[in-house]
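Before any comments, here is the structure.
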Amino acid sequence: NMVFEAARNTILAGRADALVVGCTGTRLHVLKTIHALQQAEVATGDGMPPERVSRPFDADRTGMVLGEGAACLIVERLEKALERGATIHAEILGGASATAVDRNMVADVRKAMALAMAEAIRRSGLDPADIDFVVAHGLGTRSGDAAEAQAIRDVFGDRDVPVTAPKSYFGNLGAAAGVVEAIAGILSLREGVICPTLNYETPDPECPVRVVTEGDVAAGRRFLNVNVTPQGQASAAVLARADG
67 NMVFEAARNT ILAGRADALV VGCTGTRLHV LKTIHALQQA EVATGDGMPP ERVSRPFDAD
127 RTGMVLGEGA ACLIVERLEK ALERGATIHA EILGGASATA VDRNMVADVR KAMALAMAEA
187 IRRSGLDPAD IDFVVAHGLG TRSGDAAEAQ AIRDVFGDRD VPVTAPKSYF GNLGAAAGVV
247 EAIAGILSLR EGVICPTLNY ETPDPECPVR VVTEGDVAAG RRFLNVNVTP QGQASAAVLA
307 RADG
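First residue of the sequence shown? That's 67 in this note's numbering, and the numbers climb one at a time after it.
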């Protein structure tokens, strides 16, 4: 998500009219796999079929599924895009990143995510009530999903903002996740319904968010895209339909 804010700022500063914003990432490299195993973050599955193992926010989640992927978008000055007759899929309204630590200098992921989300919304000139849905980081780990759900509550309060977790489809793509998941949100805007989360069957009291599981929840006009690095740095970006 930081790439969206960087691209937006570069264009607004007049240093470019258009940028290719892309990311590629893998969690299947042997060293990254070993690291994830050492952190006890990889899903065990507990005998589930492979397609059912990635289950963000579900009470029976057992960890993340390792994956790899890549994606890119063209971020362009609006006038230039209109001038050349480009199809405009969405508008970047704002973004932010944040890092937080507790008194023991341990990464406080919940606080970092809440700070990044709140600041991205503020920089977009909006209030939390203006956000129609959240594209969550939704890694599928016990502690990570709980921290994210609580952070969403910290920002949106008692409002049951719809939440979707695209990693339920493809697992953790590493550095590619932010852009791939933003595209999932953009496609939701285009289709008019929020991309549902797979394998969410049993709500977890530690994850008090409204997880979208059916493909009939209206997407509205604006969504918040959330991502977290392995080091605990959180980032968020607000994207909107091109017509609003």
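Beta carbons are placed, not taken as given, at the ideal position from N, Cα and C, and that holds for glycine.
Predicted, not measured: the structure shown is a model, and the values here were computed from it.
Thr76 carries a helical assignment under DSSP once its states are collapsed to helix, strand and coil.
Runs of alpha helix (DSSP H) with 4 or more residues, each lying fully within the stretch 208-261, are found at 208-222, 233-236, 243-257, listed in chain order. In the same chain as Gly251, and ignoring 5 residues on each side of it, the C-beta atoms closer than 7 Å to its own belong to Val201, Phe289, Asn291, Leu305, in chain order. Only residues of its own chain outside the window of five on either side were considered, and among them Glu214, Val292, Asn293, Val294 have a CB closer than 6 Å to the CB of His203, listed in chain order. Judged by DSSP secondary structure, Ala102 falls outside any beta strand (DSSP E) and instead within the alpha helix (DSSP H) spanning 96-104. Assignment of beta-bridge partners to Ala306 by DSSP yields Glu157, Arg288.
Out of Val119, Phe123, Arg74, Val141, the CA that lies nearest to the CA of Gly133 is found in Val119. In this structure, Glu71 sits near Gly161, with a CB-CB distance shorter than 7 Å.
For Leu192, no alpha helix (DSSP H) encloses it, and the DSSP letter there is neither H nor E. Leu144: member of the alpha helix (DSSP H) spanning 144-149, first to last residue. Taking the C-beta atoms as reference points, Tyr266 is found no nearer than 7 Å to Val259.
Bounds of the beta strand (DSSP E) holding Gly91 are 84-92. Secondary structure at Pro269: strand, using DSSP grouped into helix, strand and coil. Straight across, the Cα-Cα distance linking Gly88 with Val283 is about 29 Å. Taking the C-beta atoms as reference points, Ala302 is found no nearer than 7 Å to Asn75. Contact check for Cys273 against Ala212 passes: the beta carbons are separated by less than 7 Å.
Pairing Ile197 with Val227, the inter-Cα distance amounts to about 8 Å.
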